[in-house]
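Residue numbers (the working numbering), protein chains in the order written: chain A, 1 to 164; chain B, 165 to 514.
Positions of the beta carbon are idealized from the N, C-alpha and C atoms, including for glycine.
Predicted, not measured: the structure shown is a model, and the values here were computed from it.
Below is one structure, written out as structure tokens; comments come after it.
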């Protein structure tokens with residue numbers, strides 16, 4: 001019977017000691033321990049979360065890079081094509097220009113040649129006239145002395161003329 | 165493998181060593197005549213005004229503890245050594261007292277037939293109260309040290325800290341949160357942690373067979389009853405409107421059933437902590453009784469050979485008690501958390 005009879009002293013001391021214990025431990029042990037644990041768990045969770053975030057960011061960045069690269073490639077291709085086109089056009093134009101120029105030059109040259117030819121012909125005509133006059137003068141002069149010689153002289157002159 | 169063999173060898177050695185110690189005791193008590201196992205066991209699991217170290221009767225050596233009495237004439241304080249193990253009557257200016265079967269009576273009032281007499285209110289620092297204070301100081305030292313560790317090193321735990329941290333997390337994640345819920349568990353964490361470690365440590369100290377252990381504090385109905393009453397207060401003071409409604413006017417049932425259920429629910433309010441108190445008291449006391457009975461077997465049979473069986477068995481039970489010490493602390497805390505959880509639960513309206 002003693003075993004299951006509560007004794008007032010032990011009830012009193014248990015109650016008192018337990019209440020004091022709970023107050024002391026609450027203030028100096030449980031609160032600091034639990035808040036430290038919570039802080040640590042939070043920091044671990046945060047770290048994990050930010051790592052995940054960084055991973056995602058990285059993936060996004062990589063995708064962006066890929067996209068940029070693709071865009072750059074497309075841009076380059078476009079630019080190249082445009083440049084080729086322009087070059088071709090310029091070449092064509094140049095070619096067209098050049099042939100035109102050539103034709104014009106050829107035309108000019110022909111004209112010049114014609115002019116020169118005409119001028120030369122005119123000069124020749126004048127020269128022939130002069131020479132004819134000279135010959136005529138010389139013949140006239142020689143004729144005065146000898147007919148035969150006159151003829152030889154004329155031949156001579158004509159030979160001279162041919163050589164010229 | 166080698167380590168294992170060593171361990172076996174050492175434990176066998178211990179068993180034999182203890183066996184011889186007990187054989188020694190057989191001789192000592194055998195000369196005094198009849199051995200009363202019942203008396204011995206009851207004496208060991210009961211509270212006492214002195215810390216018995218060794219010896220019998222007048223020759224025994226004990227550490228006296230302070231006696232604090234609230235008498236008809238006021239407070240009276242003296243050391244229990246004055247009783248000389250119950251042989252002498254102590255007379256002070258407030259009154260005179262006798263110590264009979266570890267209980268203090270006013271001198272001359274105790275009657276053998278009725279087994280009772282007039283008693284002053286006894287607030288003495290008994291063996292159990294001493295253990296109570298000792299365990300409290302130990303718990304404070306342990307956990308304040310641990311808490312300081314967190315202030316010093318916010319990072320990974322170390323030493324004592326890493327020993328206690330899983331236990332604290334265990335109480336939080338396996339006991340408090342599943343039963344009370346994420347939202348409110350932090351209000352009750354100090355109570356649950358204190359109850360858990362307080363009961364566990366006292367269970368363990370009770371298993372130590374010599375000073376400063378050996379007191380059967382957590383197997384004392386006053387101790388478990390007080391903790392249960394504190395739990396009763398915590399549960400019912402934190403009970404919300406829904407909780408009280410479920411007790412006095414159960415929703416969702418016809419009115420006659422409501423009337424029938426109210427007294428039953430009211431009884432359950434008190435039955436729950438009562439069960440807590442009885443469970444802890446009975447489990448721990450039973451463990452002590454089994455160990456003491458096995459040791460008593462040697463003296464009852466009066467044979468050295470009995471120790472070869474009794475001591476290994478007692479050792480086995482003692483190791484089992486280590487498990488029970490943890491288990492009962494866990495069960496008490498778990499049920500306390502469960503009752504709190506029922507009291508603070510936000511009920512879904514069905």
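query                                                                                                                                                                                                                   : result
Counting only beta-carbon atoms, is residue 50 of chain A nearer than 8 Å to chain B?                                                                                                                                   : no
Please state the DSSP three-state secondary structure of residue 99 of chain A.                                                                                                                                         : helix
State the DSSP-derived secondary structure class of residue 289 of chain B, mapped to helix, strand or coil.                                                                                                            : coil
Between the region 373-383 of chain B and the region 274-294 of chain B, can you find at least three pairs of beta-carbon atoms closer than 8 Å?                                                                        : yes
CB residue 266 of chain B to CB residue 226 of chain B, shorter than 8 Å?                                                                                                                                               : no
Taking the straight line between their C-alpha atoms, what separation do you get for residue 300 of chain B and residue 243 of chain B?                                                                                 : 23 Å
Under 8 Å, Cβ to Cβ, is there at least one residue of chain A near residue 500 of chain B?                                                                                                                              : no
Please classify residue 134 of chain A as buried or exposed, where buried requires at least 16 other C-beta atoms within 10 Å of its C-beta.                                                                            : exposed
Taking contact to mean 3 or more Cβ pairs, one atom from each stretch, closer than 8 Å, check whether the region 14-31 of chain A and the region 333-344 of chain B are in contact.                                     : no
Touching or not, the region 315-334 of chain B and the region 254-269 of chain B, by the rule of three or more beta carbon pairs under 8 Å?                                                                             : no
Go ahead and label residue 125 of chain A buried or exposed: buried means 16 or more other beta carbons lie within 10 angstroms of its beta carbon, across all protein chains shown.                                    : exposed
Please list, in chain order, the residues of the region 27-54 of chain A that have any C-beta partner in chain B closer than 8 Å.                                                                                       : 28, 29, 30, 31, 32, 33, 34, 36, 37, 39 and 40
Hey, which unbroken runs of the alpha helix (DSSP H) at 4 residues or more fall wholly within the region 325-385 of chain B?                                                                                            : 341-344 and 349-371
Thinking C-beta only, is residue 371 of chain B closer than 8 Å to residue 237 of chain B?                                                                                                                              : no
Mind listing, in chain order, the continuous alpha helix (DSSP H) runs of no fewer than 4 residues lying wholly within the region 385-447 of chain B?                                                                   : 385-401 and 405-412
Is residue 397 of chain B buried or exposed, if buried means 16 or more other CB atoms sit within 10 Å of its CB?                                                                                                       : exposed
Measuring only between beta-carbons, confirm whether residue 385 of chain B sits less than 8 Å from chain E.                                                                                                            : Absence of chain E from the displayed structure is noted, the protein chains being A and B.
Could you give the residue range of the beta strand (DSSP E) that holds residue 247 of chain B?                                                                                                                         : Neither: residue 247 of chain B is in no beta strand (DSSP E) and is coded neither H nor E.
Pick out whichever of A:110, A:161 and A:113 has its Cα sitting closest to the Cα of residue 130 of chain A.                                                                                                            : A:161
Are the C-beta atoms of residue 287 of chain B and some chain A residue less than 8 Å apart?                                                                                                                            : yes
Check the Cβ of residue 475 of chain B against every Cβ in chain A and list those closer than 9 Å, keeping chain order.                                                                                                 : Correct list: empty, because the minimum Cβ distance to chain A is about 26 Å.
Can you list, in chain order, the residues of its chain with a C-beta nearer than 8 Å to that of residue 505 of chain B? Leave out the 5 residues immediately preceding and following it.                               : 343, 344 and 345
Identify whether residue 228 of chain B lies in helix, strand or coil by the three-state DSSP scheme.                                                                                                                   : strand
Could you pull the start and end residues of the beta strand (DSSP E) that residue 13 of chain A belongs to?                                                                                                            : Not the beta strand (DSSP E): residue 13 of chain A falls in the alpha helix (DSSP H), residues 8-25.
Please list, in chain order, the residues of the region 267-300 of chain B that have any C-beta partner in chain A closer than 7 Å.                                                                                     : 285, 286, 287, 288, 290, 292, 293, 296, 297 and 300
Counting Cβ pairs, one atom from each stretch, are 3 or more of them under 8 Å apart for the region 345-356 of chain B and the region 391-408 of chain B?                                                               : yes
Say whether the region 30-38 of chain A touches the region 404-416 of chain B, bearing in mind that this needs 3 or more beta-carbon pairs closer than 8 Å, one atom from each stretch.                                 : no
Whether or not the region 442-452 of chain B and the region 485-497 of chain B are in contact is what I'm after, with contact meaning three or more pairs of Cβ atoms, one per stretch, closer than 8 Å; do they touch? : yes
Just to confirm, is the Cβ distance from residue 477 of chain B to residue 388 of chain B under 8 Å?                                                                                                                    : no
Taking only three categories from DSSP, how would you classify residue 195 of chain B?                                                                                                                                  : Unreliable positioning characterises residue 195 of chain B in this predicted model, as indicated by a pLDDT of 40, which lies under 50. The coordinate reading is nonetheless provided below. The answer is coil: DSSP assigns residue 195 of chain B none of H, G, I, E or B.
Taking the beta carbon of residue 215 of chain B as the centre, do at least 16 other beta carbons fall within 10 Å, making it buried, or is it exposed?                                                                 : buried
Just to check, is the beta-carbon of residue 380 of chain B closer than 7 Å to a non-hydrogen atom of the ligand ATP?                                                                                                   : For the structure depicted, the ligand ATP is absent and the ligand set is empty, with no information on it obtainable.
What is the DSSP secondary structure of residue 157 of chain A, counted as helix, strand or coil?                                                                                                                       : helix
I need the DSSP call for residue 107 of chain A, collapsed to helix, strand or coil.                                                                                                                                    : helix
According to DSSP, is residue 485 of chain B part of a helix, a strand, or is it coil?                                                                                                                                  : helix
Assuming residue 198 of chain B and residue 233 of chain B are in contact, meaning their beta carbons sit under 8 Å apart, how far apart are those beta carbons, in whole angstroms?                                    : So it is not a contact: roughly 34 Å between Cβ atoms.
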